[in-house]
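Colleague: Let me begin by handing over the structure; questions about it come next.
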Ligand SMILES: Nc1ncnc2c1ncn2[C@@H]1O[C@H](COP(=O)(O)OP(=O)(O)OP(=O)(O)O)[C@@H](O)[C@H]1O
Ligand SMILES: Nc1ncnc2c1ncn2[C@@H]1O[C@H](COP(=O)(O)OP(=O)(O)OP(=O)(O)O)[C@@H](O)[C@H]1O
Ligand SMILES: [Mg+2]
Ligand SMILES: [Mg+2]
């Protein structure tokens, strides 16, 4: 480990059932790191080095990767899998490695008092679920109109897929809509029964919490039974090009959540294309992913890491930051609108600000829609219902603390 | 039994259809079973291969029909020539096409096929049309009327002796020119044992089929064969004209017993410990 | 002949009007006979006559449609194969049915399994077996106790194992198969496999031993040995033996009583001498050629 | 009490609306046919060698990957199909040459394990060549639906049903009426005895693997049209297994009948009982259903009798 | 020359019944145990102290390799008992491991159940009530997990009376899918957390922290004590070694012979008096006991937190089956060899391939490594099977036989 490089392990899944989504995600991170090195010579003069480790979206492999790479100067990991995240959380404080899960992972870990080392910036599944309800309410003409409406949640039968259920159930009690839960087993190639139930229930809205091939099949089946696509909203992991392109025209009008803008129409992204790919220094065959939804999200992930690093460098006056410093940087992450603009991403995302107690950064959610060619943002930034979500998070985190003899920090 | 064949068998290589030269066989990379076996089958001859349990008769036959590979056995030394061609370079099915067929020890029928179907698979390599095959089948059923009664039964369910008939019948279906028979008489009723040997003899005389016969029923084997080899723990310990062997004292003692008047009752055989040659 | 002077005990097994069908095929039709204690009983007949099926009926593997079997005075119904073994019936098979993955010693030892009830279990039988109230508790406890001892290979269990090992070794000595003790039986030549199979059956210390063509595929010398074993078992342990064999010499010499089946029916019964003179038997089974041999004798 | 009955009868109660009920039945049957297509490949190979081909799922993926890949290169569809068939045949030859011939007369579980090795190799090999992206596979199978009497039916599934029927008829005739069919069963019974009567195991295996590869191509095309071509395609093998044991390992018609029963059963169960117990029960329900059948017929509905005789 | 039985005679059956017939083998075993129990932990400790190895490398060896290896060995032992010795192929191993893991979890948290009430405001109030005092002894948890799994295994073993061979194998997938479904559907199992993920609470053994962490006051300062990798390793190792001996004893005694008899020829086995159902069920029970322990070990020592449906999915079942077949069916040693092969080869390839690529100047990226690794792995399986269908254990044995004969072949 040379003195002036900062090391990042990247857990990727470029193979296996979820590879189509894993490739652009991993590329987004790597391309941004590469860009920072090429363009700015690293962060604060410290070159970034990263090493990929293939997990195949498998927890055991992820653990192996983590253990193997953690000693190489790792300060923060991006597990890119709910299973791996859960496994790493209990180790984090011992190893002094932060866990940054951008838009996935363990929602209640955004309570920084119980989980000082885990960051769910910029937003969580629970927030997202509440934002979806808000959006649906707005579409129906006011939250009051939700009463008596039927909403179906089709979800991947896994920890990931189940995340929103509590929130949606709670809101159903509050707002009076009827929630139908439909689980789909991995990999989700066969969803006939699920969609037959949709036909029977005739819900007004369908929320899709899918992953991998499940998304495409769901979209196809929805068109097959003639469900209106613009009343189907996917989670942000169900709203990438990979999920809609293979379905052909079926996906036209389909909506999905996101927390950042779509497309490559931003100075930074154009610059990455130029500096990295046009100069022939990119990942072979990787240029086609630049600007895709998952690529953009990978880039956001990388930006959070580098911004945290920058903050830590400034605060501690060091060049290469260590685990604790990185953690500080993440906890005090503060990307303002100006900073986004400076980065070349004006209007790409809302400001993000973490605090000691709140590691979620409270990022609002956007709705995007597929027009058959590309994703377009069709909503304003929707703030989640914090008054509902935050107490849930705190309660859950408190229960975790109790079970594991953790004394929550005072913030 | 033809005089000519007998002499051929005795004196040499010239007319040997099948010659096994000093082969060594190892199972599983470590178990040495044949330690240099040589033998010859003249064209149109009947040769008997005798020996105690475990002497290596089956192994010898399997190395000739090239079925050892399937048992993780290997011919590591020596050569086997059939009609001048090294057997090792031929596939088992090539051999069958050339007319070498083996009746395997232990009644290897296809249990899920009916007797009829079993016989038909025997004719798998034949190209001479359905009519001829029917004919052979009728012939087999003529030999084994019992089999005919059970023709539509699954071979897995028929009795042991019936399975043996089925296996022999199946081999006959292929119109062989050389037969390797591994204990054909095993488990057959006395009448049928006789019948089997008659069939063998008839095939040999009328169709000129050459026969290599591994048999425990030494009496019978030597009565019908021209020439015999005696195998013991993987080596040929004695060979000669069948007639001579039948007269040999040792052979009498160990394999034939004394026939006729002086035949000892099985009940009276003394329980003395013999040299256990098969355990050598 | 010596054996004509032999005396036998009571009826050990009575077969009464047994009929066995498989679909349309009648394997056995209305066959009856008695086997007496200490007898060597032979069943002969042409191929497919129903001999093996008869043995299968006797040890509960086939269930006849009609007729009854009375064993040791108990008439039995729909018995499971393992129950037959528990009442002391052992057998060997026409197509060798050894446990191919195991060594000779282990195969013989499996024959002892029924005798190895475990020390705790034996204690149970001594102490509690007739106290139904506590049965429900003690039986599983004893069973589990034995199981634990087994898995630790410790104490009384080890002693028991060794005692049975000794018994197995005796059988091995008796059959003179010491040198293949540790060889996996799958590798043995056919004849030795038959012998190991006999060993396995003997290890069960049966009252009734069923042998299905024990001498097939053996040469004279080996047949003589085998006969010796059969006779010794019969003499020394008083085991009743029912055997199927196609070698007439053997049958005539060693059996006390012969039943002849043909097409599933009993066509003759009696001493060997009576049977071999029976014209039906000669026609159906022995054939002309053999007749000469026998007459010669 | 009423609730219990309501629960027990749930799969029947869906017929309260007969149209919906029929829709469940029809889509169940058609989904079952889709499974049958995959199960067929298993049957062929099992029939010919007693080999439980774990790689069948991967074979489906591999075939579809090749087809999609060729189409992606701009090769016209008929040519691409021919090319893929060629590759499947080549594949059969290679598998025979490198693997099968060395495993003659081995126990079934060993053969099974070897196919697992093959599955590992093949899936990685396919992805190395064609990449891990999702590929669209469109060979002109009609999309969309029609609605007689208000019952929705998808064209794709109807096509699959027709193709499966044709395949089964063809294969059944080919394998039951020819000498090869008998030889196959002989080989599956006893490799060594089959060799000894002169059956050429190698040719037989090449034929069977090639046919099975082509069946995999058909299955891959159907499933690929439905869900795109990607790694997950190999996992549909798991949906075919209950079909396989229910129909019987050796029976070509069994694969279809099994598929129909499983498809219908699991859909009725999922739609009927699913909502009561939290859903996603089809997977295990299919297996339990198959197992219940097996308890009564241990060889499956049309499998070969298990011979027990001593 | 050095590996000969010559001169080693036994004068009693007791000695002849011993696990190892040769002195050399016995020494070999003691040697291996000595290395595993003493040399490895002490050696690694010294190497870290002496600066020869990074502490994280040591952790890596323990946490990712040794522990995984031990867990897998335990599972492979279990499956080998069922498949290798009793001949019943099972594809439900992972699910049984899962039962073990969830049992351990439930007992470690006192078998909670939930009471839900609605308060005046209409909000749902839920509360977890333990049925038993939580157990915090990891070994006890592992044993309980084994016992409970044994019961579950017996239930799913019932169809084996009728169903055989691959039909049974596929039918056991019913257990796999059903149990895994339960892991994500029966809320009681995962204490009603929304994500159905379980995490083992802090456990201690003899005062040593095994999982979680403990904060103590030392010299007036708060110090957090984390579990040492060595502790976990030694506990797991002891469990595995002890139960390997138990397994060996079972399979060489009357129970094992009954199993093998059923495996080799079930009809003949019945005819010599073996009760097929009882024997098979016993195999299912014992096998599940081992698998359950493996699952519990996997949760407690190896993963710490897991999602049932993911950690015990069908691929894990297959993986254990591979271990058993590659290692050698019906061989205790084989279970270990197979577990090592299946566990270590991929890791070895992942680590060595990029390095190898570097040697030849070919950049090998992570996806490529994965692909090549799969291909090599698949090819190795096939090559091994062709070389020796009876598995690594047999290869090992042949090697020894050769050595015995060396230097005089045959
Ligand atoms: N597959 C095998 N693996 C290992 N050893 C074997 C194998 N088959 C046979 N053998 C050994 O080879 C030797 C010769 O066996 P073979 O079957 O050739 O004898 P045989 O003369 O035919 O005996 P039998 O008269 O009993 O049939 C025997 O000692 C046997 O143990
Ligand atoms: N399970 C079964 N199913 C159908 N048929 C059977 C079955 N068992 C026996 N048979 C038939 O019953 C008849 C008698 O068979 P069995 O095996 O008893 O004959 P066997 O007298 O032992 O003849 P061999 O001397 O040839 O062994 C045979 O024709 C056989 O086909
Ligand atoms: Mg032989
Ligand atoms: Mg018989």
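Residue numbers (the working numbering), protein chains in the order written: chain Y, 1348 to 1758; chain C, 46 to 325; chain F, 54 to 350; chain R, 453 to 762; chain W, 446 to 855.
C-beta: ideal position from N, C-alpha, C; glycine also.
Examine ligand 1 and report whether any of its heavy atoms sits within less than 8 Å of the Cβ of residue 118 of chain C.
Modeller: Translated into positions along the second chain, residue 118 of chain C becomes position 73. Flag set: Cβ of residue 118 of chain C near ligand 1.
Colleague: If we cut at 9 Å on Cβ distances, does residue 138 of chain F have a partner in chain R?
Modeller: Here residue 138 of chain F is taken as the residue at index 85 of the third chain, counted from 1. Not closer than 9 Å to any Cβ of chain R, the Cβ of residue 138 of chain F fails to qualify, so no.
Colleague: Counting only beta-carbon atoms, is residue 238 of chain C nearer than 9 Å to chain F?
Modeller: What you label residue 238 of chain C is simply residue 193 of the second chain in a count that begins at 1. Chain F, which has a Cβ nearer than 9 Å to the Cβ of residue 238 of chain C, makes this yes.
Colleague: With DSSP as the reference, identify every bridge partner of residue 666 of chain W, one or two as the case may be.
Modeller: Looking up residue 666 of chain W in the fifth chain gives position 221. W:663, per the DSSP bridge assignment.
Colleague: Can you give me the start and stop residues for the alpha helix (DSSP H) that residue 1667 of chain Y sits inside?
Modeller: Residue 1667 of chain Y sits at position 320 when you count from the first residue of the first chain. Per DSSP, residue 1667 of chain Y belongs to no alpha helix (DSSP H) and is neither H nor E.
Colleague: Say whether chain F places a C-beta atom closer than 9 Å to the C-beta of residue 703 of chain W.
Modeller: The residue given as residue 703 of chain W occupies position 258 in the fifth chain. So, interface residue.
Colleague: As a quick exercise: from F:91, F:120 and F:134, pick the residue whose alpha carbon is nearest that of residue 721 of chain W.
Modeller: As a first step, residue 721 of chain W is located in the fifth chain; it is residue number 276 there, counting from the start. Out of F:91, F:120 and F:134, F:134 has the C-alpha closest to the C-alpha of residue 721 of chain W.
Colleague: For residue 1745 of chain Y, collect the residues of the same chain with a Cβ closer than 6 Å to its Cβ; drop the 5 residues on either side in sequence, then sort them by chain order.
Modeller: Translated into positions along the first chain, residue 1745 of chain Y becomes position 398. For residue 1745 of chain Y, where only same-chain residues beyond five positions count, there are no Cβ hits under 6 Å.
Colleague: Would you tell me roughly how many angstroms separate the C-alpha atoms of residue 591 of chain R and residue 680 of chain R, rounded to the nearest one?
Modeller: Position 139 of the fourth chain, counted from the first residue, corresponds to residue 591 of chain R. Position 228 of the fourth chain, counted from the first residue, corresponds to residue 680 of chain R. Residue 591 of chain R and residue 680 of chain R: Cα-Cα distance of roughly 12 Å.
Colleague: Could you compute how far the alpha carbon of residue 100 of chain C sits from the alpha carbon of residue 245 of chain F?
Modeller: As a first step, residue 100 of chain C is located in the second chain; it is residue number 55 there, counting from the start. As a first step, residue 245 of chain F is located in the third chain; it is residue number 192 there, counting from the start. C-alpha separation (whole angstroms): 11 Å.
Colleague: Short of 6 Å in beta carbon distance, which residues of its chain neighbour residue 67 of chain F, apart from the five on each side in sequence? Order them along the chain.
Modeller: Reading the third chain from its first residue, position 14 is the one you call residue 67 of chain F. Excluding sequence neighbours, residue 67 of chain F sits near 87 and 123.
Colleague: Just checking, does the stretch 468-481 of chain R make contact with the stretch 711-726 of chain R on the three C-beta pairs under 8 Å criterion?
Modeller: Cβ pair count under 8 Å is three or more, so yes.
Colleague: Using a Cβ-Cβ cutoff of 9 Å, what residues of the stretch 607-619 of chain R are near chain F? List them in chain order.
Modeller: Here the close residues number zero.
Colleague: How many Å lie between residue 743 of chain W and residue 1676 of chain Y at the Cα?
Modeller: Position 298 of the fifth chain, counted from the first residue, corresponds to residue 743 of chain W. Position 329 of the first chain, counted from the first residue, corresponds to residue 1676 of chain Y. Answer to the nearest angstrom: the Cα atoms are 34 Å apart.
Colleague: Measure the alpha-carbon distance for residue 740 of chain R versus residue 619 of chain W and round it to whole angstroms.
Modeller: Along the fourth chain, one-based indexing puts residue 740 of chain R at 288. Along the fifth chain, one-based indexing puts residue 619 of chain W at 174. Using only the alpha carbons, I get a separation of about 6 Å.
Colleague: Check each candidate in Y:1683, Y:1518, Y:1642 and Y:1594 and name the one with the smallest Cα separation from residue 1483 of chain Y.
Modeller: As a first step, residue 1483 of chain Y is located in the first chain; it is residue number 136 there, counting from the start. The residue with the shortest Cα to Cα distance from residue 1483 of chain Y is Y:1518.
Colleague: Where residue 185 of chain C and residue 163 of chain C are concerned, what is the direct C-alpha to C-alpha distance, given to the nearest angstrom?
Modeller: On the second chain, position 140 is the one that residue 185 of chain C refers to. On the second chain, position 118 is the one that residue 163 of chain C refers to. Taking the straight line joining both Cα atoms gives about 12 Å.
Colleague: Please find out if some non-hydrogen atom of ligand 3 comes closer than 8 Å to the beta-carbon of residue 229 of chain C.
Modeller: Translated into the one-based positions of the second chain, residue 229 of chain C becomes position 184. No, the beta carbon of residue 229 of chain C sits no closer than 8 Å to any heavy atom of ligand 3.
Colleague: For the structure I just gave you, are there three or more beta carbon pairs, one from the stretch 168-182 of chain F and one from the stretch 238-253 of chain F, closer than 8 Å?
Modeller: Segments in contact, no.
Colleague: Suppose the cutoff is 7 Å on Cβ atoms and the five residues either side in sequence are ignored; what does the same chain contact list for residue 317 of chain C look like?
Modeller: Locating residue 317 of chain C in the second chain gives position 272, where the first residue counts as 1. Model confidence at residue 317 of chain C stands at a pLDDT of 47, short of 50, so the residue's coordinates are unreliable and nothing is read from them.
Colleague: Anyone know if the C-beta pair for residue 1424 of chain Y and residue 1433 of chain Y falls short of 9 Å?
Modeller: Stepping through the first chain from its first residue, residue 1424 of chain Y is reached at position 77. Stepping through the first chain from its first residue, residue 1433 of chain Y is reached at position 86. No.
Colleague: Which term fits residue 320 of chain C, buried or exposed, when burial requires 16 or more other beta carbons within 10 angstroms of its beta carbon?
Modeller: In the second chain, the residue the question calls residue 320 of chain C occupies position 275. The predicted position of residue 320 of chain C is uncertain, since its pLDDT is 40 and thus under 50; a value taken from the coordinates is nonetheless stated next. That one is exposed.
Colleague: Should residue 643 of chain R be flagged as near chain W, meaning a C-beta pair shorter than 9 Å?
Modeller: Here residue 643 of chain R corresponds to residue number 191 of the fourth chain, with the count starting at 1. No, no contact with chain W.
Colleague: What separation, rounded to the nearest whole angstrom, lies between the Cα atoms of residue 575 of chain W and residue 757 of chain W?
Modeller: Counting from one through the fifth chain, the residue named residue 575 of chain W turns up at place 130. Counting from one through the fifth chain, the residue named residue 757 of chain W turns up at place 312. Approximately 26 Å between the Cα atoms of the pair.
Colleague: Residue 1588 of chain Y to residue 616 of chain R, Cα distance in whole Å?
Modeller: The count along the first chain starts at 1 and reaches residue 1588 of chain Y at position 241. The count along the fourth chain starts at 1 and reaches residue 616 of chain R at position 164. Cα to Cα, residue 1588 of chain Y sits roughly 33 Å from residue 616 of chain R.
Colleague: Taking all protein chains shown into account, do 16 or more other C-beta atoms lie within 10 angstroms of the C-beta of residue 855 of chain W, making it buried, or fewer, making it exposed?
Modeller: The sequence position of residue 855 of chain W within the fifth chain is 410, counting from 1. Confidence at residue 855 of chain W is low in this model, with a pLDDT of 48, below 50, so its placement is unreliable and no value can be given for it.
Colleague: For residue 495 of chain R, return the contacting residues in chain F, with the cut-off set at a CB-CB distance below 9 Å.
Modeller: Sequence index remark: in the fourth chain, residue 495 of chain R carries index 43 (1-based). Result: empty, since nearest Cβ-Cβ is about 27 Å, beyond 9 Å.
Colleague: Would residue 745 of chain R be called buried (16 or more neighbouring beta carbons within 10 Å of its own) or exposed?
Modeller: Sequence index remark: in the fourth chain, residue 745 of chain R carries index 293 (1-based). Residue 745 of chain R comes out buried.
Colleague: Under 9 Å, Cβ to Cβ, is there at least one residue of chain F near residue 63 of chain C?
Modeller: Locating residue 63 of chain C in the second chain gives position 18, where the first residue counts as 1. False, the Cβ-Cβ gap to chain F never drops below 9 Å.
Colleague: As a quick exercise: from F:209, F:125, F:220 and F:231, pick the residue whose alpha carbon is nearest that of residue 164 of chain F.
Modeller: If you number the third chain from 1, residue 164 of chain F lands on position 111. Comparing Cα positions, the closest option is F:220.
Colleague: Can you check DSSP and say which residues form a bridge with residue 148 of chain C?
Modeller: Locating residue 148 of chain C in the second chain gives position 103, counting from the first residue. C:226.
Colleague: Would you tell me roughly how many angstroms separate the C-alpha atoms of residue 1685 of chain Y and residue 1693 of chain Y, rounded to the nearest one?
Modeller: Here the question's residue 1685 of chain Y lines up with position 338 in the first chain. Here the question's residue 1693 of chain Y lines up with position 346 in the first chain. Going from the Cα of residue 1685 of chain Y to the Cα of residue 1693 of chain Y covers about 8 Å.
Colleague: Report the partner residues of residue 1579 of chain Y according to the DSSP bridge assignment.
Modeller: Locating residue 1579 of chain Y in the first chain gives position 232, counting from the first residue. Residue 1579 of chain Y is bridged to Y:1553.
Colleague: Please list the terminal residues of the continuous alpha helix (DSSP H) segment that includes residue 618 of chain W.
Modeller: Taking the fifth chain and counting its residues from 1, one reaches residue 618 of chain W at position 173. Here the alpha helix (DSSP H) through residue 618 of chain W covers 610-630.
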